[in-house]
Amino acid sequence: AQKITQTQPGMFVQEKEAVTLDCTYDTSDPSYGLFWYKQPSSGEMIFLIYQGSYDQQNATEGRYSLNFQKARKSANLVISASQLGDSAMYFCAMREGNTGGFKTIFGAGTRLFVKA
Amino acid sequence: DAMVIQNPRYQVTQFGKPVTLSCSQTLNHNVMYWYQQKSSQAPKLLFHYYDKDFNNEADTPDNFQSRRPNTSFCFLDIRSPGLGDAAMYLCATSRDLDSLAKNIQYFGAGTRLSVL
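First to last, the protein sequences are chains A and B. Number 116 marks the last residue of the first sequence (our numbering); no jumps. Number 232 marks the last residue of the second sequence (our numbering); no jumps.
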């Protein structure tokens with residue numbers, strides 16, 4: 001079964017608007033970490049934001065915030081005030097703290113296109 | 117300044133001709149990873165080193181080997197590249213494995229391998 005699901009293969013957003021990229025996950029481990037990475041066309045994966053399963057507040061990093069809904073097992077990435085440079089592939093990932101070894105599992109990704 | 121450096125950025129090799137990809141890091145991280153990423157897919161973990169301790173993923177073909185002579189450097193050796201091995205190869209590091217937050221991974225720009 002898929003542990004990380006990103007249901008949006010592609011998304012379009014107008015420059016300066018906010019956009020939400022969806023991510024749902026599946027785990028029975030009470031301890032886990034959720035990560036979002038950005039991959040521009042150049043290829044480098046860039047870490048954006050981290051949320052621990054025991055964190056009480058949603059993570060924020062500048063224009064990025066993570067809408068963490070634990071009961072629904074969702075960890076959506078919200079990008080505020082989109083910029084042209086935000087056009088890229090975005091991957092949601094998870095690592096389980098007690099099971100699954102040391103492996104970080106990546107979703108299939110969402111390609112974001114920012115329109116001028 | 118780049119903290120995880122991969123060389124070369126592009127590599128062309130012939131079918132069956134051994135090839136080595138290199139990765140270096142200035143972060144002094146304990147863990148180094150090698151991922152294979154095919155077009156429009158999620159990265160697939162091949163193996164990782166925790167210090168000098170090598171951990172191979174169960175489904176990584178024997179054709180893929182790795183060496184970590186010191187903390188800073190890690191190499192990916194493909195002994196007999198096939199056409200199916202053409203992909204982007206990503207190197208990543210993380211500080212440690214003992215907590216989820218320390219498992220944030222920092223990636224290099226990748227090496228795109230073509231097999232003729």
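Virtual Cβ for every residue (Gly too), placed ideally from N, Cα, C. It should be emphasised that the depicted structure is a prediction, and the values quoted were computed from it without experimental measurement.
Check                                                                                                                                                                                 : Outcome
List the endpoints of the continuous beta strand (DSSP E) containing residue 160 (chain B).                                                                                           : 160 to 166
Would residue 219 (chain B) count as contacting chain A if we go by Cβ distances under 8 Å?                                                                                           : yes
Taking beta-carbon pairs under 8 Å, can you tell me which members of the region 17 to 51 of chain A lie near chain B?                                                                 : 31, 32, 33, 35, 37, 42, 43, 44, 45, 46, 47, 50
For the region 90 to 109 of chain A, which residues have a CB atom closer than 9 Å to at least one CB atom of chain B, in sequence order?                                             : 91, 93, 95, 96, 97, 101, 102, 103, 104, 105, 106, 107, 108, 109
State whether the region 67 to 84 of chain A contacts the region 196 to 214 of chain B, with contact taken as three or more CB pairs (one from each stretch) at a distance under 8 Å. : no
Where in the region 53 to 94 of chain A do unbroken runs of the beta strand (DSSP E), each at least 3 residues long, occur, reported from the N-terminal end onward?                  : 64 to 69, 74 to 79
8 Å is my cut-off, CB to CB: does residue 163 (chain B) come that close to chain A?                                                                                                   : no
Which partner residues does residue 6 (chain A) have in the DSSP bridge list?                                                                                                         : Paired residues: none, contrary to the question.
Mapping the DSSP letters down to three states, classify residue 192 (chain B) as helix, strand or coil.                                                                               : strand
Please state whether the Cβ-Cβ distance between residue 189 (chain B) and residue 140 (chain B) is less than 8 Å.                                                                     : yes
Take residue 179 (chain B) and list the residues in its own chain whose beta-carbon comes closer than 8 Å to its own, dropping the five residues that flank it on each side.          : 194, 195, 196, 197, 198, 201
Mind reading off the beta-carbon distance from residue 105 (chain A) to residue 93 (chain A)? Whole number of angstroms is fine, and I expect it under 8 Å.                           : 6 Å
Would you mind working out which of A:37, A:44, A:53 sits nearest residue 145 (chain A), comparing C-alpha positions?                                                                 : Residue numbering for chain A in the displayed model covers 1 to 116; residue 145 (chain A) lies beyond these limits and cannot be assessed.
Exposed or buried, which one is residue 35 (chain A) when buried takes at least 16 other CB atoms within 10 Å?                                                                        : buried
Identify the residues that DSSP records as bridge partners of residue 123 (chain B): which are they?                                                                                  : B:138
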